[in-house]
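Note that UniProt numbering numbers the sequence shown so that position 50 is 50, with each residue one more than the last.
All residues carry an ideal CB built from backbone N, CA and C; glycine is no exception.
Fair warning: this is a prediction, and the values are worked out from it, not measured in the lab.
Accompanying notes for the structure given below.
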Amino acid sequence: MMQTLKLSASNMPVPDEYHMYPEGEQPTTALILPAFTIVENVTPALAPDLIYHFVDKAATTTTPLNQPPLPNSTPVVDTTGPIEGAKSGSQSPSISGRNAEGDHDVSAAAKIPTPLLSRPCPHSAVILLCSQRTRDARCGQSAPLLRREFERHLRPLGLYRDLHDERPGGVGIYFISHVGGHKYSANVMVYRRRDFQWYIKEAQKKGQGDYDDRGDGLDGGSEGAVQGIWLARIRPEDCEGIIKYTVLKGKVVKPDTQLRGGFDRERGLISW
1 MMQTLKLSAS NMPVPDEYHM YPEGEQPTTA LILPAFTIVE NVTPALAPDL
51 IYHFVDKAAT TTTPLNQPPL PNSTPVVDTT GPIEGAKSGS QSPSISGRNA
101 EGDHDVSAAA KIPTPLLSRP CPHSAVILLC SQRTRDARCG QSAPLLRREF
151 ERHLRPLGLY RDLHDERPGG VGIYFISHVG GHKYSANVMV YRRRDFQWYI
201 KEAQKKGQGD YDDRGDGLDG GSEGAVQGIW LARIRPEDCE GIIKYTVLKG
251 KVVKPDTQLR GGFDRERGLI SW
């Protein structure tokens, strides 16, 4: 089955030191969905590494839950720190290795470390808001309003996380670039884990007794997002219902007028 990849810009923050690199070589951070994996230190030169070591190995919208890992599906990648002598923005050796016939030696490449760093996304769900006003002025106007309303309803539940809040659990809200033409505006995409308390269970499984506020050392609920729900024509008065039913329970309040697509890996459903 052919898989497609959607790439969006976002307002996800990056470390301050990233801004000190020369223009064109500045690293950035990528969030891979539905895998709920954050990859750091991404540069244009390392884009092939990102695809090979992380995107190609990650869970997709059609990956069954609790599927056992395939043989050789996990590369030998050192993601605990940059390899010695590697320069940010330099080409990773895992891309350039070729065999005698000039083809990429995939088995050899999989064993070479990459300078990219990965960690689990700490959130239990993320809300992505289309906000690119240069493509659709309506999205540029609606996104800030929707974010404020979502925040207002998340705070009493203890689920609100600002852009720099790395505590496990909660809901992250990010602006993204334009999605899906001009027929629909006020697009909202919700990716949610099956268990909002995943980080507590991961800590217990590892015998930590309690979880680390930063989420370090936790598996991150490696199954990724169980559902992705794409809504449109969302108004501020819809936000309470989206938090209460869509984010927390995986249900759609107004499917006839607001549902654009999505997936449910638990039930094996997909519609984009």
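Range of the contiguous alpha helix (DSSP H) that encloses residue i
{"i": "ALA232", "result": "Per DSSP, ALA232 belongs to no alpha helix (DSSP H) and is neither H nor E."}
{"i": "GLU202", "result": "198-205"}
{"i": "THR257", "result": "255-258"}
Residue i, buried or exposed, once every other Cβ within 10 Å from all chains shown has been counted against 16
{"i": "PRO64", "result": "exposed"}
{"i": "SER271", "result": "exposed"}
{"i": "ASP162", "result": "exposed"}
{"i": "ILE51", "result": "exposed"}
{"i": "PRO255", "result": "exposed"}
{"i": "LYS249", "result": "exposed"}
{"i": "LYS6", "result": "exposed"}
{"i": "GLU23", "result": "exposed"}
{"i": "ALA186", "result": "buried"}
{"i": "LYS205", "result": "exposed"}
{"i": "ALA9", "result": "exposed"}
{"i": "TYR199", "result": "buried"}
{"i": "ALA203", "result": "buried"}
{"i": "ALA47", "result": "exposed"}
{"i": "HIS19", "result": "exposed"}
{"i": "ARG267", "result": "exposed"}
{"i": "PRO15", "result": "exposed"}
{"i": "ARG265", "result": "buried"}
Coil, strand or helix - residue i by DSSP
{"i": "MET189", "result": "strand"}
{"i": "PHE175", "result": "strand"}
{"i": "SER10", "result": "strand"}
{"i": "ARG161", "result": "strand"}
{"i": "GLY241", "result": "helix"}
{"i": "SER271", "result": "strand"}
{"i": "PHE150", "result": "helix"}
{"i": "LEU248", "result": "helix"}
{"i": "VAL39", "result": "strand"}
{"i": "LEU46", "result": "helix"}
{"i": "ASP56", "result": "coil"}
{"i": "ASP264", "result": "strand"}
{"i": "LEU145", "result": "helix"}
{"i": "ASP195", "result": "coil"}
{"i": "ARG155", "result": "helix"}
{"i": "TYR18", "result": "helix"}
{"i": "ILE51", "result": "helix"}
{"i": "THR4", "result": "coil"}
Residue interval of the beta strand (DSSP E) (run including residue i)
{"i": "LEU117", "result": "117-120"}
{"i": "ALA125", "result": "125-130"}
{"i": "ASN66", "result": "Looking at the DSSP string, ASN66 is not in any beta strand (DSSP E), and its letter there is neither H nor E."}
{"i": "THR28", "result": "28-32"}
CB contact check: residue i to chain D, cutoff 8 Å
{"i": "ASP256", "result": "Here there is only one protein chain, and chain D is not present."}
State whether the segment 26-40 contacts the segment 155-166, with contact taken as three or more CB pairs (one from each stretch) at a distance under 8 Å.
With a cut-off of 8 Å, the segment 155-166 and the segment 26-40 do not count as touching, because too few Cβ pairs lie within range.
Does the segment 192-204 come within contact of the segment 144-152, defined as at least 3 CB pairs closer than 8 Å?
Taking 8 Å as the limit for Cβ pairs, the verdict is that the segment 144-152 does not touch the segment 192-204.
Inter-stretch contact (C-beta, 8 Å, three-pair minimum) for the segment 222-229 and the segment 28-37
Taking a contact to require three or more Cβ pairs closer than 8 Å, the segment 222-229 and the segment 28-37 qualify as touching.
Is the segment 238-252 close to the segment 55-64, with three or more CB pairs under 8 Å?
The answer is no - the segment 55-64 does not touch the segment 238-252, with fewer than three Cβ pairs under 8 Å.
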